[in-house]
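Mapping of the sequence shown onto the numbering used here: residues 1 to 506, in sequence order.
For glycine and all other residues, C-beta sits at the position ideal for the given N, C-alpha and C.
A short worksheet on the structure shown next.
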Amino acid sequence: MKVMKRFAGIVLALVMVLCLTAPALAANVTINTPESEDENYTPTYTAYKIFDAEPLDETSKTVDDEVISSFENVAYSIDKESPFLAKIEAFTTTIKVTEDGTETEKTVPVFTVYSKNNTHNVVALAEGVTTFDAAALATELKTVIDDTANADKLASFTTSFTGASAELTNGYFLITSSLGDKMIVDTFGKENMTINTKNQFPTLTKTIASIGEAAVNGDNGTATYGDTVTFDIAVYIPATAVGSVTIHDVMDNDLSFNEGSLNGATPATTTETAPDGFTHRDFTIDVTDSNKNTTVHVSYTATLNTTANPGDAITNTAHLTYNNYETPKSETKVYTYSFNLVKTNSKNEILSGAEFELYDAATEGTKIDVVKESEGVYRVAAAGETAEVIKAGNVTIKGLAEGTYYLEETKAPEGYNRLNTRQPVEVNANSTSTTPLNTTTDATTGIITYNPDDSIPATEIENLTGAELPSTGGIGTTIFYIAGGVLAVGAGILLVTKKRVGAKED
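Okay, structure coming up:
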C-alpha cells in the first residue's frame with residue numbers, strides 16, 4: 001500500500017496545521033514584511049500553484065487499481081500541464097534502508113505521481129519517505145520560474161499581489177517575493193494565515209577606515225586640509241539575495257572623491273555638485289554564489305578640501321536599495337579645527353612684527369606649510385601652494401586635525417626677545433572659534449590690548465624685553481662673565497707664584 005503522509009520541513013518555520021473540519025475554499029494569507037526606510041516600500045509577492053488540495057469523503061481512494069490512503073482526508077494532485085511536473089517527478093532525497101540486515105543510504109524519488117484523470121495526477125510521498133527538504137524543493141522549482149521559456153505556461157498557475165496579503169485557494173504554493181524570498185505554503189483548511197518572514201535583507205554600514213596614515217575605524221574623525229580620507233562601506237549580502245544591490249553615496253562637497261580609488265563595486269552614476277550641495281554617486285554590487293552570506297567591503301578615498309569650515313561636520317552618508325527595499329542611512333563625519341594666536345607683551349598689549357612657523361613636533365619634526373587666506377587668517381596650504389610665515393599679531397590658523405602642534409618664533413617684534421623653544425598648541429573642538437577676540441583700542445596711542453575671555457579660546461604667546469641671557473640665545477653679558485673668569489684665573493696664578501718666590505727667599 002502506498003501511504004500518503006503530510007509534507008513537512010517547510011521554509012521560514014511555517015507551521016502547517018490542516019483543518020480536520022470542513023475546509024475553507026480559500027485562505028487569506030498575510031505576510032509580515034520587514035520595515036523599510038522607504039515609506040512607499042511595498043514588495044511584490046507571487047504565488048505559484050504547485051499542488052491542488054481537495055477533501056475526501058473517504059479515508060482511502062483507489063487510483064489505477066491501487067489503494068491510496070489519505071492523510072487528514074485530503075488528496076493532493078498536480079495539473080498535468082503544470083510547468084513544475086517534471087521537477088516534482090525528478091526531485092529526490094536520501095533515506096536509510098535495511099537490506100540483508102545492513103542499513104544503508106539510498107537516493108529515491110520524494111514523490112510518487114499517479115494518473116488521476118485527464119487534467120490532474122495524484123501526488124503522494126514515495127514509500128519510505130516521511131519528510132523532505134522544502135527549501136531544496138523551493139530552489140528547484142524557482143529554476144522553472146527563472147526560465148523565461150516557461151512564462152506563458154506559468155501564467156495560469158500564478159497569483160501576484162502587491163503588499164502583504166492575498167486570497168489563495170486550497171493547495172500547495174511556492175511564494176516568491178521581489179526581495180528574493182522563497183517559501184512553500186500549504187493553504188488547505190486555512191481561513192487566515194500569517195507568515196513571519198525570516199528573510200535577511202542586505203545591510204550597510206559606512207565607516208572611516210583611516211585618515212592619512214592613521215587608522216580610525218569609526219564613524220567620525222578629524223583631518224587636516226589635504227588629508228586623504230579612506231571610507232569603508234560594509235555590505236552584508238544574505239544567502240537569499242538575487243540580482244544586485246545598489247549603494248547610494250552622498251558626499252559633502254568639502255570632500256573630493258579620488259577618481260580610480262573605488263574598490264569592491266562598480267560605479268553606476270554620478271551627479272556632480274547637486275543642488276543640495278552634495279555629490280551623489282551610485283555603486284552596484286552584483287550578487288554571486290561566492291558573495292552570498294558574506295560581507296562585501298567597498299572602499300574609496302576622498303581628499304579634504306580647503307573649503308571645509310573648522311568645527312563644522314563634513315558629512316558623508318550611504319544607504320542601499322535592493323529591489324524595493326531601502327536600508328537606513330549610515331553617516332560618517334569628518335571635522336577640521338582651528339586656533340587663535342595672539343602675540344602680547346607683559347601688559348597684554350598685542351604686538352606686531354612677530355613671525356612663526358608651525359610644526360608637528362617639539363623638536364625637528366615636519367613643518368606644516370600655511371598660506372595667508374585673508375587679513376588675519378592663515379590656513380594649511382594645499383598641494384602646490386607656496387608656504388608663507390605666520391605674521392602675528394592677532395591671527396587665526398585653520399584646517400588642522402585634532403592634536404598638539406608647535407609654534408616656532410622665527411622673528412620677534414622689534415625690541416623684544418625671540419623665543420628659542422617651540423610653544424605647544426592644543427588643537428581640537430574647544431580651540432575652534434569664529435568669535436573675534438575681546439580687545440580694546442586706545443584712541444590716542446592706537447595700542448590694542450587683549451582682554452582674555454574664557455569663552456573665546458586663544459593661544460597667547462608673550463614676548464619680553466631686556467638683556468637676553470644665554471638660555472634665550474642672546475650673547476648678552478656673556479662676554480663679561482668670560483672676561484671675569486679669565487681675570488680670576490690669572491689672579492690665582494699670580495698669587496701662587498708670589499707664595500713660591502717668598503718661600504725660596506726664606
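Query raised in the report: Can you pull the DSSP bridge partners for E409?
Result: Partner(s): F356.
Requested in this report: For the segment 156-194, list the beta strand (DSSP E) runs that are entirely contained and at least 3 residues long, ordered along the chain.
Outcome: Complete beta strand (DSSP E) runs here, min 3: 158-162, 165-169, 171-177, 182-186.
Query raised in the report: Looking only at C-alpha atoms, which of F231, E103, G180, K372 sits nearest to T507?
Result: No statement about residue 507 is possible, as the shown extent of the chain runs from 1 to 506 and does not include it.
Query - Cβ neighbours of D52 in the same chain (closer than 6 angstroms, five flanking residues each side left out) - result: Within the same chain, and ignoring the five residues on either side of D52 in sequence, the residues whose Cβ sits closer than 6 angstroms to its Cβ are S77, G171.
Requested in this report: Hey, could you find the ends of the beta strand (DSSP E) I447 is sitting in?
Outcome: Boundaries cannot be given for I447, as no beta strand (DSSP E) includes it and DSSP labels it neither H nor E.
Query raised in the report: Buried or exposed: which applies to E326, given that a residue is buried once 16 or more other Cβ atoms fall within 10 Å of its Cβ?
Result: So E326 ends up on the buried side.
Query raised in the report: Which first and last residues belong to the beta strand (DSSP E) in which V389 is found?
Result: Premise fails: V389 is in no beta strand (DSSP E) and is neither H nor E.
**Report entry** Own chain residues within Cβ distance below 7 angstroms of I456, not counting five before or after
**Finding:** A distance below 7 angstroms between beta-carbons, with the five flanking residues on each side excluded, links I456 to the following residues of its chain, in chain order: S433, T435, L437, N438.
**Report entry** Sub-8 angstroms separation of F132 and V110 beta-carbons
**Finding:** Against a cut-off of 8 angstroms, the Cβ pair of V110 and F132 comes out as a contact.
Query raised in the report: With distances taken from CA atoms, which of E140, E355, K142 is nearest E414?
Result: The alpha carbon of E414 has as its nearest neighbour, out of E140, E355, K142, the alpha carbon of E355.
Query - From T441, V229, E213, A138, residue whose alpha carbon lies closest to that of V185 - result: The option with the nearest alpha carbon to V185 is A138.
Requested in this report: Give every residue of the same chain whose Cβ lies closer than 7 angstroms to the Cβ of T472, excluding the five residues on either side of it in the sequence, and list them in chain order.
Outcome: At T472 the pLDDT is 36, less than 50, meaning the model places this residue with poor confidence; the figure from the coordinates comes in the next sentence. Contacts found: N417, N420.
Query - E349 - partner residues in DSSP beta bridges - result: Note: E349 sits in a beta bridge opposite T449.
Query raised in the report: The beta strand (DSSP E) spanning L137 covers which residue range?
Result: L137: not part of any beta strand (DSSP E); member of the alpha helix (DSSP H) spanning 134-146, first to last residue.
Requested in this report: Take every Cβ of the segment 385-394, pair it with every Cβ of the segment 366-373, and state whether three or more of those distances are shorter than 8 angstroms.
Outcome: Cβ pair count under 8 angstroms is three or more, so yes.
Query - CA-to-CA distance, K106 to I95, given in whole angstroms - result: Rounded to the nearest whole angstrom, the CA to CA distance from I95 to K106 is 5 angstroms.
Report task. Using three-state DSSP, classify K329 as helix, strand or coil. Result -> K329 falls in the coil class under three-state DSSP.
Query - Limits of the unbroken alpha helix (DSSP H) element including L154 - result: 151-154 is the extent of the alpha helix (DSSP H) around L154.
Query raised in the report: What are the start and end residues of the beta strand (DSSP E) that includes A126?
Result: Annotation: A126 is outside any beta strand (DSSP E) and is labelled neither H nor E by DSSP.
Query raised in the report: Does the segment 210-222 come close enough to the segment 114-123 that 3 or more CB-CB pairs lie under 8 angstroms?
Result: With the cut-off at 8 angstroms, the segment 114-123 and the segment 210-222 do not touch.
**Report entry** Beta-bridge partners of T228, as assigned by DSSP
**Finding:** Partner residues in the beta bridge of T228, as assigned by DSSP, are T303.
Query raised in the report: For the 8 angstroms Cβ check, are there 3 or more pairs between the segment 234-242 and the segment 347-361?
Result: The segment 347-361 and the segment 234-242 do not touch, with fewer than three beta-carbon pairs separated by less than 8 angstroms.
**Report entry** G226 beta carbon less than 8 angstroms from that of V380
**Finding:** Taking 8 angstroms as the Cβ cut-off, V380 and G226 qualify as a contacting pair.
**Report entry** Residues bridged to T321 [DSSP beta-bridge criterion]
**Finding:** DSSP lists T246, E326 as partners of T321.
**Report entry** Proximity below 8 angstroms, CB of N512 to CB of N192
**Finding:** Shown here, the chain extends from 1 to 506; a query on residue 512 therefore has no answer.
**Report entry** Segment contact flag, the segment 133-153 with the segment 285-292, C-beta cutoff 8 angstroms, min 3 pairs
**Finding:** Cβ pair count under 8 angstroms is below three, so no.
Requested in this report: Would you mind working out which of F188, K391, S165, V129 sits nearest P55, comparing C-alpha positions?
Outcome: Taking each of F188, K391, S165, V129 in turn and checking the Cα distance to P55, the smallest one comes out for F188.
Query raised in the report: Closer than 8 angstroms, CB to CB, is A265 near chain B or not?
Result: Considering every chain present, this structure includes no chain B. It has just one protein chain.
Query raised in the report: Is L85 helix, strand or coil by DSSP?
Result: In the structure shown, L85 adopts helical secondary structure according to DSSP, grouped into three states.
Query raised in the report: Helix or strand or just coil, what does DSSP make of S290?
Result: If DSSP states are grouped into helix, strand and coil, S290 belongs with coil.
Query - Beta-bridge partners of V425, as assigned by DSSP - result: For V425, which the question treats as bridged, DSSP gives the partners Y405.
Query - Own chain residues within Cβ distance below 6 angstroms of K391, not counting five before or after - result: Contacts found: E355.
Report task. Name, in chain order, the residues that DSSP records as bridge partners for E99. Result -> E99 pairs with T102.
Query raised in the report: Run through DSSP, which three-state label would A90 get?
Result: Of the three classes helix, strand and coil, the one that applies to A90 here is helix, per DSSP.
Query raised in the report: Taking the C-alpha atoms as reference points, what is the distance between N263 and F257?
Result: Going by the C-alpha atoms only, they are around 13 angstroms apart.
Query - Straight-line Cα distance separating V296 from K190 - result: One alpha carbon belongs to K190, the other to V296, and they sit about 42 angstroms apart.
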